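Below you'll find the structure, written out as structure tokens, and then a few comments.
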Amino acid sequence: MAHRRWFIGILTFAALLHVAAIHRTLVPAQDGLKFLAAARRFQSDPWIDVIKGTDQHPLYPALIAAVEPVSAALLGPGPDAWRIAAQGVSALASLLLLFPLFALARAIFDERVALIAVILYVLLPVPGEVGRDTLGNALGLLGMTATLALGAAAIRRDSWRLALAAGLAGGVGYLARPEAILAPMAVGLAWTLYLARTRGASAVATAPALPALGLAVLVCVGSYALAKGQVSEKLALRHAASLGPQAAARRSTPQPLPQGLAEAGLDLSAKEESDDKTLGGPVAALVWVGRKWWDEMCWGFAIMAVWGLARRRAVQRLCDREPGAGGAEGLVLGVFAATYVLVLVRHGSSLGYLSSRHVLPLVAASSIWAGAGVFVCVRGLGMKLAVPPRAWRGAVAVVTAFVALILVVYQLRTGHESRRGHWEAGRWLVANARAGEQILDTRGWARFVADRADGYDYWHVRQALSDRSLAYVVVGRDELRAKSRRAESLNALLAFAATPVRDFPVIVDGRDVGTRIYRMNQPISWEGFTP
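Residue 556 is where the sequence shown ends in this note's numbering, and the numbering goes up by one at each step.
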């Protein structure tokens, strides 16, 4: 019963940490604006039209739309209610993820190691930050972790019902994030290996659990594909599954630039090109994954994960477990890690990029082994130093509190200070932009804060430049100073037809990443414009 009290304490601590961090958040993630736009549509449009009209998987924005009325009732309607609803859904998913994570670690070792693994995961900065951001990653990761825990339990108990539950968890996770489909695939592969090794190849064909697992996944994925018309719009998934590029959308009406701009050769790219180097091939992608995993495990815990994996049998003896204990969980986690890394390497080498968020499932799985490594190191040091047990427990408590304090302070720093200028610009627009005056916002944050859903982002700059009611342009100062054709085009457009009205400078690491607002003076004609 003691471990339950500790687990509840960790759960409460994690919830308070999420609440404090959400309170300090200024604006949502830029990619999160797409989820929030889809969530708004879920409240007004037919759900099937929303699914067809967005390239995001639908579960996360649908849950935001369901939670937002509660948030609005408590905080009042507006952008903060939407942001907090989105972050609340992610934070709740992150808290629920601790249950399957604890179950996996306990099955391999015991409750003590499981508690260490859970608290490590709660304290790691990147899982904490992504776990409460306005992104679908936390929900997808919950589906993946639940699938692995249920799948391992199904293998251990030879239960088709648990296999069905694992498939449903993976299928639901897929509705949040496309990579969640890898979890039931790994469970199916692990089960096939287990059956072939223990019962022979013929058992694979007759086992009822594998069809149950596949059927549950197929119901979720097939339902989404039926509504969407395709398995996914996500480019990464289409490359991994060799589906080929998505068919180009045919527009019924053209979107030309105004006369005078069409011939100017402007670069109207939605985003500035990233300074990150393109991954050159499988080896470079594998090295990148290893480095990101190392960083997100905060270096020391990465070492503990390797040590815990190497000392698995010794830790199990300390936990009074037999050497083969948790064999199903270890097999599932191993197959999943190998499968996931292979897919990441293929993705990185094919598309040339990877996101740090892609490594999170590996971090979650590694926290189990990191917990084992910490446990065996603390236990071994206590025995070698010959310190009285009471004094040693006190020393461990002090060191633990110190490490936890550092990681908590790091998590609670003001996230993404570079977005403060956009937040201030949004507040200025609330006070100064009149109804009917359209806003072009290159990043989208100021328009979100101003609660102006009817404006334009830079993906729709052609429509914005053709709109006579375009009144304000919000742009990052760093975008204007960039050494690129896009920046030259943007500066030329603003110099020709706009006047700066307000600056919001923000200095981060010696760089001005603030925001500037321009008053747009739409010319009668763009004839004579030269970039």
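Beta carbons: idealized from backbone N, C-alpha and C, even for Gly. Just so you know, these numbers come straight off a predicted model, no measurement behind them.
Query: Closest residue to S391 among L88, W72, I144 (Cα-Cα distance); Result: I144
Query: Contact belief for Y497 with A456 at Cβ below 8 Å, rounded distance in angstroms; Result: Between A456 and Y497 the Cβ distance is about 12 Å, and since that is not below 8 Å, they are no contact.
Query: CA-to-CA distance, L214 to V360, given in whole angstroms; Result: 7 Å
Query: Per-residue burial, F32 [other beta carbons within 10 Å of its own, 16 or more giving buried]; Result: buried
Query: Environment of T170 [buried if 16+ CB atoms lie within 10 Å]; Result: buried
Query: Test item: CB-CB of V370 and V314 under 8 Å; Result: yes
Query: When H447, L519, A460, G419 are compared against T540, the one with the closest alpha-carbon; Result: H447
Query: Reduced DSSP category for D135 - H, G, I as helix; E, B as strand; rest coil; Result: coil
Query: Delimiting residues of the beta strand (DSSP E) encompassing P548; Result: First-last for P548: undefined, no H or E at that position.
Query: Straight-line Cα distance separating L167 from G352; Result: 22 Å
Query: Beta-carbon contacts of L200 that lie in its chain and below 7 Å, excluding the five residues immediately before and after; Result: H82, P83, L84, C245, Y249
Query: Beta bridge counterpart(s) of R527 as assigned by DSSP; Result: I542
Query: Residues near N546 in its chain [Cβ-Cβ closer than 6 Å; skip 5 each side]; Result: A522
Query: Straight-line gap, S374 to T364 (C-alpha atoms, nearest Å); Result: 15 Å
Query: CB of P53 within 8 Å of CB of L61, strictly; Result: yes
Query: Top-ranked residue by Cα proximity to D503, from I464, V155, V486, R444; Result: R444
Query: Selected residue, minimal CA-CA separation from F554, among T50, A287, V474; Result: A287
Query: Of the residues C344, K296, A221, A188, the one placed nearest P233, counting alpha carbons only; Result: A188
Query: Nearest-angstrom Cα separation, counted from G78 out to P348; Result: 52 Å
Query: In chain order, each alpha helix (DSSP H) run of at least 4 residues that lies wholly inside the stretch 118-186; Result: 136-148, 150-155, 162-182
Query: Proximity of G195 and I206 at Cβ, strictly below 8 Å; Result: yes
Query: Whole-angstrom C-beta distance between L99 and L432, which should lie under 8 Å; Result: Going by Cβ atoms, the distance from L432 to L99 rounds to 30 Å, so no, they are not a contact pair.
Query: Cβ contact (3+ pairs, closer than 8 Å) linking the stretch 462-479 and the stretch 96-111; Result: yes
Query: Inter-stretch contact (C-beta, 8 Å, three-pair minimum) for the stretch 122-135 and the stretch 169-186; Result: yes
Query: For I141 and V399, believed in contact at Cβ under 8 Å, the rounded distance; Result: 5 Å
Query: Min CB distance C323 to chain C below 8 Å; Result: Included in the structure is just one protein chain, with no chain C present.
Query: Residue(s) in a DSSP beta bridge with R493; Result: BP columns for R493 are empty, so no partner.
Query: Start and end residues, alpha helix (DSSP H) containing I464; Result: Counting along the chain, I464 falls outside any alpha helix (DSSP H), though it belongs to the beta strand (DSSP E) covering 463-466.
Query: Cβ distance (whole Å) where F46 is taken to contact Q436 below 8 Å; Result: It is Ala, not Phe, that sits at residue 46 in the sequence shown. Sure, about 6 Å apart at Cβ, within 8 Å.
Query: Simplified DSSP state of D70, which is helix, strand or coil; Result: coil
Query: Alpha carbon of G198 to alpha carbon of L122, nearest angstrom; Result: 12 Å
Query: Start-end ranges of the beta strand (DSSP E) lying completely within the stretch 335-359, minimum 3 residues; Result: none
Query: Sequence-distant residues of its chain with Cβ nearer than 8 Å to A273 (five each side left out); Result: Caution is warranted here: a pLDDT of 46 is assigned to A273, below 50, making its placement in the model unreliable, and the coordinate value is therefore given only provisionally. Hits under 8 Å: none found.
Query: Residue from P152, G161, R182 with nearest C-alpha to E354; Result: R182
Query: Beta bridge counterpart(s) of Y481 as assigned by DSSP; Result: L465
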